[in-house]
Amino acid sequence: MQGGPLMHVIAAKAVAFKEALSPSFKRYQQQVVANAGALAAGLMERGYKVVSGGTDTHLMLVNLNSRGVTGKDAETALDASGIIVNKNAVPYDEKPPAVASGIRIGSPIVSTRGMKEKDMAKIVALIDRVLQAPQDAKVQSEVRAQAKALCKKFPFIYAYKASR
């Protein structure tokens, strides 16, 4: 959808649509879904409740009610550990949206980096370690170092260098 005939927007959409038709984009999308499935399966193996029992898409919703941690606290602890998720309400959530009982996890960024299903097991282990001790700064620091090391094995392919 577009409000007016902005030629630069039309050109950008044409490039995006052409890319979406390529075999490499199809393989990428398949890997995104496979990685999400591996993340969901790994979390469920560790006793986490994934809403709907898994995923057929690029993301999953994890209900943390049985873990004694809110979505907000999980989001904060994981962020401090170098793992980005979003707090998210779960079905029949009794907590307010600003707190929430779940987290939403997506797989596109790790797939863009080139990670595969076997790498999702490492990510699951890191998430689980943080959520077992969400207030532990030492755990967060150790997991952050492990997450950073994992990301260094799978750098972005473009030449831009962050200023960090």
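With this note's numbering applied, the sequence shown corresponds to residues 743 to 906, in that order. Note that beta-carbon positions come from the ideal geometry of N, C-alpha and C, so glycine has one too. Values in this document were obtained by computation on a predicted structure and should not be read as measured data.
For threonine 922, does the count of other Cβ atoms within 10 angstroms reach 16, so buried, or fall short, so exposed?
This structure does not reach residue 922, given that the chain is present from 743 up to 906, and the question cannot be answered.
**Study point:** Beta-bridge pairing of lysine 791 - partner residues as DSSP gives them
**Key:** Asn805
Q) Could you give the C-beta distance for valine 872 and isoleucine 825, rounded to a whole number, given that I count them as a contact under 8 Å? A) 7 Å
Item to complete: Leaving aside the five residues before and after lysine 903 along the sequence, list all residues of the same chain whose C-beta is less than 8 Å from its C-beta, in chain order.
Response: The predicted model places lysine 903 with a pLDDT of 45, which falls under 50 and marks its position as unreliable; any figure quoted below should be read in that light. If we look at lysine 903 and ignore the five residues flanking it on each side, it has no Cβ neighbours.
* Hey, serine 843 and threonine 818: beta-carbon distance below 8 Å or not? -> no
Sub-8 Å separation of leucine 892 and serine 849 beta-carbons = no
Rounded to a whole number of angstroms, what is the C-alpha to C-alpha distance between valine 881 and alanine 762? 40 Å
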